[in-house]
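Undergrad:
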Amino acid sequence: MVRLAAICVVLLVFSHSAHALRLDYQGCVQMAVWYGDTIWARHVGADKQKVLDYYKAQQEPLFKLLVADFDTVWQMPFENREPLIEGVYKACVQRKGVYHLPVEA
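Note that our numbering has the sequence shown beginning at 3, numbered continuously upward.
1. Asp71: buried (16+ other C-beta within 10 angstroms of its C-beta) or exposed?
2. Which whole runs of the beta strand (DSSP E) in the stretch 16-67 are 3 residues long or more, in chain order?
3. Return the first residue and the last residue of the alpha helix (DSSP H) that Lys92 is part of.
4. Kindly identify the DSSP beta-bridge partner or partners of Val100.
5. Within this structure, are the beta carbons of Val69 and Tyr57 separated by less than 8 Å?
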């Protein structure tokens, strides 16, 4: 639960920067599932750096949020996968899918 709270804090930090990401309900589902898939990937023995590099290579802005939370999510036990998916989805819906991404240099 502490790690879930840490992820929520990181997501809130993005709310104070310049570029907005607006997700519809399907986008919220997609983001939540990717968070859960990160835990699943570690559980089945995926290479951490390869997964992170894959996320960084994605063009969809929601992956910037996942990259920012990656180390915390990667360390979560598999049993926390479903609560994390639910928590990320609910947080996304509550904020109407609006996240603010950092300005890239």
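Backbone N, C-alpha and C define an ideal beta-carbon position, used for all residues, glycine too.
TA: With the structure as the only source:
1. Classified as buried, Asp71 has 16 or more neighbouring CB atoms from the shown chains inside 10 Å of its CB.
2. Under the rule that a run must span 3 or more residues, the beta strand (DSSP E) segments found entirely inside the stretch 16-67 read 21-24.
3. Start and end: 83-96.
4. Its beta-bridge partners are Arg24.
5. Contact: yes.
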